[in-house]
Each structure stands twice: as structure tokens, then as C-alpha cells.
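**Q**
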Amino acid sequence: MPTAFQALRSAMASFPADKQERRWGELMADLWPVISAPLTWEGERLLLDVIRFEGRLRLAVSSEMPHSMPPEEMLKSLAIQALGRWTGLAYLHEMKRVQMTTPSSSLASLVGDVIQKAREIHPVVQRQQASEEIAESSPEAALKIVARLLEKDRGMSFVPGRRARVGNRERELVC
Amino acid sequence: MSSPASTVPPPVAPFSVYSVHFDFPGGQAIKLRDPATNQFIGTTPEWVASVRNEMAAYVRATRPEMRVIFRGTPAVNGTYTVGADGMPIQVDERRVTLAFDPGSGLSAPEVFRANGNLPDQIGLHPTTLHWYVREMPAPAHCPPAGTSTHLIATSWRALATAPAPEAGLSNWVYRPLMEWTCRWAAGQNDEKAICDAIIASVASSGLRYGVLGIYEVRDLLLNQGGMCEAWYKTFQQMAQCQGIFVYRRRFLVDWRQVANGEVLWCAIVIRRGGLNQAVPTHDASNFHDNHVGFPIPAGMAFPIVNITERRYRFWGLPHYHYDGHCINFLEYNGELYLYDACFGMGPIQVNAPLPVNNLNVVQGGANLAPFKAAYLDHAIEYMLGSIWNGPDFLQSFHVPAFLYVNGMTVRMTDITQVVNGHDGLTFRWGN
Chain A
1 MPTAFQALRS AMASFPADKQ ERRWGELMAD LWPVISAPLT WEGERLLLDV
51 IRFEGRLRLA VSSEMPHSMP PEEMLKSLAI QALGRWTGLA YLHEMKRVQM
101 TTPSSSLASL VGDVIQKARE IHPVVQRQQA SEEIAESSPE AALKIVARLL
151 EKDRGMSFVP GRRARVGNRE RELVC
Chain B
1001 MSSPASTVPP PVAPFSVYSV HFDFPGGQAI KLRDPATNQF IGTTPEWVAS
1051 VRNEMAAYVR ATRPEMRVIF RGTPAVNGTY TVGADGMPIQ VDERRVTLAF
1101 DPGSGLSAPE VFRANGNLPD QIGLHPTTLH WYVREMPAPA HCPPAGTSTH
1151 LIATSWRALA TAPAPEAGLS NWVYRPLMEW TCRWAAGQND EKAICDAIIA
1201 SVASSGLRYG VLGIYEVRDL LLNQGGMCEA WYKTFQQMAQ CQGIFVYRRR
1251 FLVDWRQVAN GEVLWCAIVI RRGGLNQAVP THDASNFHDN HVGFPIPAGM
1301 AFPIVNITER RYRFWGLPHY HYDGHCINFL EYNGELYLYD ACFGMGPIQV
1351 NAPLPVNNLN VVQGGANLAP FKAAYLDHAI EYMLGSIWNG PDFLQSFHVP
1401 AFLYVNGMTV RMTDITQVVN GHDGLTFRWG N
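From first to last, the protein sequence lines stand for chains A and B. Note that our numbering gives residue 101 to position 101 of the first sequence, counting from 1, and the numbers run on in steps of one. Numbers in our numbering are just positions in the second sequence, counted from 1, shifted up by 1000.
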């Protein structure tokens, strides 16, 4: 049974289940439903995985690939734009991390533009940008300790991407 | 009958030159990288007898220093006065104490200095140095100590750096770019003349536009070409070699849906193959060309030419900054000049300020007009849109399945500043 975002996750996988190179169009067909509508929890996770991806995509070279930016950077660009579009500055920390660490000046510049636009559009609610290391027990291996970044919002701690939903997302937008 | 000539050969030095190192730590050479290995060429001596001979580069009129190793035997360890004759530079004589390693036969490196400056112009200079040992004051014969041959490039200025807030540049360049630009711009002495010379000769590099999947300078050099991202970086580094900063800019398709459901525009469409490419490398697809005019008056339908052929398509994406084309700009004497290395175009004077690197800003209509008139009307044949033609809606789309379908292609020259009360053409600028 095919899993969600199969092409995209396969292209990003270090040890993919199959050795098949994916087409750019397949990846975009996976991504488009995620970024063209308000984000679901799974979609948000996918976008975070995309912007944290540091490898090379397993892609077949074709003319449908982007031309003004490498595919890896284009995916991150779209993921960051989507996070900015649908969650405002909720992932400002992640956005800034990409902006500061990417070797691509084009991507770094785009992230700055996304942050600027999100600041202009979304209401400003000061949020503490504190993060700390926590340890949690992985459900897959009870003995394995997994370190995760913990974010805080209005006194509540949450693992990025696992924050409880509220009815009106716009009210959740903070910076 | 003449007396027999002497058969005694002139004496030679008891050692010979083994290596010459220009880009040694503390030297003045420009740092060059080999694209094949991605290592600095000057990590080891550029010239090693019978083993290696790589180019070195300096800013013009530099008086270079070089680190030299000699080969001999411990039996001839001693103090010698060593120098070199040659062209276009000679090497100052220097008294050195040489001790040769019993195993390798090599001396410790000694730093020598040219006795004059390299040529005061951009160029490539085949250089020969005849090393010798001076035993007696001139003009007495000096025993030769071997010959080294070099290719020395002289650039116009030190490697360019980027002005804030533009993206920074490396403090090194790839060797082929330095070699090519010193050849193409030889004798030029002006920012624009140098950039003009580079763009005029870039095709002679053999590098191509349209090599899919190539986005970086090194990959472009290794694969003999690349797409526009690789090319605007490469042209920037070519200019950087000569100490000139050119800006990088991307203009991205602004997917703009208007009131009647039309989309102006979905993609940039180019028919020409680009640098050293006879035809575009994109797959052929079916286009519906409007060669009559634009906008199409309400209720009217223009004849459409259907044609299947290879064309470059740079697509936009609804609500997102996606793809476009990459070019370079030079600011010179208060004027702005555009260079499009992908298509070997330039210089093109644009009577407008440098586009601001901000994807949140839409540039269109009158603000885009100087750029359109100077460049777009000549470089980009068509824009692809979703457009009504009488009762027919020729829709361009690729979402959601990313199977690319062409709507109507409109000639760039037919797109007016204002279409139905809105900007006829808009782009967003990034770097």
C-alpha cells in the first residue's frame, strides 16, 4: 500500500525501499496538495522534514526540473513559503536556521523575504523563542533516548509540529 | 685550415631547478582551484620538473615572489648565488645555502623575487626562466641550473568582493575562468570593456546552455555547461577574476490570475537553444501561438498557430515564488548594463535602476518597461498564459499532477504595458 508523500519521502531517504530515481514532477505532485491548502499535521511534518533535509535528492534529470535553483533548494523554498503562508511566523526559528546555514544566497534571500512578508501580514504577538533539549522515550525502542528541540508558546511547551490545534489558525500566528 | 674548436662544454651548475611555487603561503598569487579535484592548484608547486606545469595568476604589474626547490646531491651542498634570466620576467640573484637531502636529492625551498613587474595589463604570459649560478661577476658565463616554463595570467584587479547586501564571493576562482578571461579581455582596461570582451567570447569556451540538472560553477565546468543558475554564477565569477563585481538577479514568473480567470502569466518561453545549443534541450510540447496581437478584444478570436517543438519553459506556480531566468548586471558610470551569458547577450543598456532583490515586490507596467524594451523583447520570444480566445479558454496548467499543458503563447513584443486596466507583464526579482 502506497504511503503518503511516497515519491518525496523516497527521494529524500538515505536508505530508500527502492532504488528508483524520482521525477521532479512526482515530487511536486506530492508536495502541491500539501502547500496549496491549509496545512494538515502530516503536511506540516513533511514541510519540516523538507527544510531539515541536508542530502541530495534522488532525482532523474529532466527538463521539468527547476532551472533557477537546484531541486533541493527549490523544495526548501516552497516548504518555507508554505509554512510562512499558512502558519505565519510559527516556524520562525526553523526559517532563520535555514537562512543562516544554507550555502545558497538565493534561498537565504528568499527566506528573508518570506519572514518579512509574514511579519507584515500576520498580527504581532511576542513569543518567547526559547528552546531547550528534552529527552523522550521513543515508542519504537523504549530504551532509545531521542533528543528533540522543545519550543514554548504562551507558557506551553511543545515539540515543533505537534502543537495542539486551535479552531482559528490565524489567531495562533505569532512572531 | 682553421684550428679545431674547443670541445670542452661550458660548465653547468652542480644542481638544477626542481620546482617553482608561485601560490605559496605569503605569496601574492591569486588563489585558483582546479574544478576536477576542487583543490587549490597552489597547494603544491605549480611547476615540477617533468611532472607538473599549472598556470599561476597575479594582478597585473605585480612583482612576484616564488618559492624554489633545487635538486642535487649532498656532495655539492654549499652556498651559491642563484638567479634566472627569462621573459617576460627575470629573477633577482640571491645568495642561498643549499643542502640536498640524501634520499630525495631535494633542497629546502628558497624564496626568490622577480627583478621587475609582470606586464601591466590583462593577459596570458608564457614565461621561461633560465636558472643559473653566478660564479664570477658579469659578463662572465654563469653555469646553467635548468629551465622552468610557466603560464602566468595577469588580471586587471584583485578578485572582486561583493558590496553589501549582495551575497559574498569566495576569495578564490576556478582556474579555467581566470585563464579564459585573461585571454578574452587581454589589453582591456575598463570594467565595461572587460565584461563586454568576456560576453563576446564566452561561446568560444565551448560551454553550453541548457545542460539539465547543473546549477553550480564547478558542475558547469565539469559538465561543459549548465542551466541559468549555474550560468549567472559563472559569469559573475568570470568578472570577479578581473576584479569586477557584477550583480546576480533572477526574474521569476509572477503567476497572476485576473478577474476573468485569465492568468498573466504562467511561464517564460524561449525558442532559441542558447549558448552553443542549436535547439532547446527541453522536450518538445504542443504550443498554441498567438501571432496576431494582445490583448484579444472581448468577443473576438484570433487565429492560433499550433506547433509542436522544443522550447524552454520556465514555469511559475500559483501563490508561490518558483522558477524564472537568471542574468547579470553591471553598474558602470551611473548606467546599468545587462549580460545574459545563457544566450551570449550583452551588453544591453537598461535605462532603469538595478532591480531590487526582494521577491515581495512586483515589478510591472511602466516600471518594467525599460527592461522589457531593452532586453525582454529581444531575448524572450513568448509568455505562456491562460487566456480567452473568443469562446475558447486556452488554459496553461501543471498542477496538481505536474503534467505540463500549454495554454496560449503570446509574443513578448505584443504584450502592452497595460492589459485590461492592469499591468500587462509583471515579474519578481530575487538574487
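Here a beta-carbon is modelled for each residue, glycine too, at the ideal position from N, C-alpha and C.
1. Going along chain B in order, which residues have a C-beta closer than 8 Å to the C-beta of V61 of chain A?
2. Could you tell me which chain A residues have their CB closer than 7 Å to the CB of D1289 of chain B, listed as they occur along the chain?
3. From this set, A:I35, A:A13, A:R22 and A:W24, which residue's C-alpha is nearest G84 of chain A's C-alpha?
4. In angstroms, rounded to a whole number, what distance separates the CA positions of A1185 of chain B and R1157 of chain B?
5. Using the Cα positions of A1369 of chain B and I1296 of chain B, report the straight-line distance between them to the nearest angstrom.
6. Looking only at its chain, what residues have a beta carbon closer than 7 Å to the beta carbon of K1192 of chain B, apart from the 5 residues adjacent to it on each side?
7. Return the residues of the stretch 1398-1422 of chain B that lie within a Cβ-Cβ distance of less than 9 Å from chain A, sorted by chain order.
8. With a Cβ-Cβ cutoff of 9 Å, do V1211 of chain B and M1227 of chain B count as a contact?
9. For chain B, check one thing: does any of its Cβ atoms lie closer than 9 Å to the Cβ of D49 of chain A?
10. Taking the beta strand (DSSP E) that M1345 of chain B falls in, what are its first and last residues?
11. Which residues, in order along the stretch 1249-1282 of chain B, keep a beta-carbon less than 8 Å from a beta-carbon of chain C?
12. Identify the residues that DSSP records as bridge partners of S1285 of chain B: which are they?
13. Compare the C-beta of N1171 of chain B against all C-beta atoms of chain A and say whether one is closer than 9 Å.
14. So what does DSSP say about H122 of chain A, is it helix, strand or coil?
15. Please say whether M1383 of chain B and A1200 of chain B have beta carbons closer to each other than 9 Å?
16. Alpha carbons only, please: which of B:D1323, B:I1380 and B:L1359 is nearest the one belonging to P66 of chain A?
17. Answer with yes or no whether the minimum CB distance from S131 of chain A to chain B is below 9 Å.
18. With DSSP run on the structure shown, which of helix, strand or coil describes R1256 of chain B?
19. Name, please, each residue of chain A whose Cβ falls closer than 8 Å to the Cβ of F1314 of chain B.
20. Verify whether the separation of the beta carbon atoms of G88 of chain A and I51 of chain A is less than 9 Å.
21. Among the candidates B:F1294, B:R1052 and B:V1133, whose CA atom is the shortest distance from the CA of D1085 of chain B?
22. Three or more C-beta pairs closer than 8 Å, one from the stretch 1211-1226 of chain B and one from the stretch 1289-1309 of chain B: is that the case here?
23. Chain A beta carbons: is any one of them nearer than 9 Å to that of L1359 of chain B?
24. Residues of chain B with CB under 9 Å from R85 of chain A, in chain order?
25. Just to make sure I have the definition right: I need the residues of chain A whose C-beta is within less than 7 Å of the C-beta of A1167 of chain B. Which are they?
26. Would you please state the rounded distance, in angstroms, between the beta carbons of L1159 of chain B and Q1240 of chain B? I believe it to be under 8 Å.
27. Of the choices A:R97, A:I115 and A:Q116, whose alpha-carbon is the least far from that of F53 of chain A?
28. Looking only at its chain, what residues have a beta carbon closer than 8 Å to the beta carbon of I115 of chain A, apart from the 5 residues adjacent to it on each side?
29. Any beta-carbon of chain B closer than 9 Å to the one on P139 of chain A?
30. Please work out which residues of its chain come closer than 8 Å, Cβ to Cβ, to G1168 of chain B, disregarding the five sequence neighbours upstream and downstream, and give them in chain order.
31. Taking the alpha carbon of G1344 of chain B as the point to measure from, which residue in B:G1027, B:R1071, B:A1061 and B:V1202 has its own alpha carbon closest?
32. Find out if the Cβ-Cβ distance for the pair N1357 of chain B, Y1339 of chain B is shorter than 9 Å.
33. Kindly list, in the order they appear in chain A, the residues whose Cβ is closer than 8 Å to that of H1130 of chain B.
34. Where does the unbroken alpha helix (DSSP H) through H93 of chain A begin, and where does it stop?
35. Out of curiosity, what's the CA-to-CA distance linking F1015 of chain B and W1172 of chain B?
**A** In short:
1. L1212 and G1213
2. Neighbours of D1289 of chain B on chain A: none; closest Cβ ~20 Å, over 7 Å.
3. A:I35
4. 12 Å
5. 21 Å
6. L1330, Y1332, Y1337 and P1347
7. H1398, V1399, P1400, A1401, F1402, L1403 and Y1404
8. yes
9. Answer no: the Cβ-Cβ gap between D49 of chain A and chain B never drops below 9 Å.
10. Where M1345 of chain B is concerned, the enclosing beta strand (DSSP E) stretches over M1345 to V1350.
11. Any reference to chain C falls outside this structure, whose protein chains are A and B.
12. Partner(s): B:E1309.
13. no
14. coil
15. no
16. B:D1323
17. For S131 of chain A, the predicted structure reports a pLDDT of 44, less than 50, and the residue's modelled location is therefore unreliable. The matter cannot be settled from this model.
18. coil
19. H67 and S68
20. no
21. B:V1133
22. no
23. yes
24. H1319 and Y1320
25. S105
26. 6 Å
27. A:R97
28. G84, L89, L92, M95, K96 and Q99
29. Residue placement at P139 of chain A is flagged as unreliable, the pLDDT there being 42, under the threshold of 50; the coordinate-derived value follows with that caveat. No, because no Cβ of chain B sits closer than 9 Å to the Cβ of P139 of chain A.
30. If we look at G1168 of chain B and ignore the five residues flanking it on each side, its Cβ neighbours are T1161 and A1162.
31. B:V1202
32. no
33. Under the 8 Å cutoff, chain A gives no residues; its nearest Cβ is about 46 Å from H1130 of chain B.
34. L92 to T101
35. 35 Å
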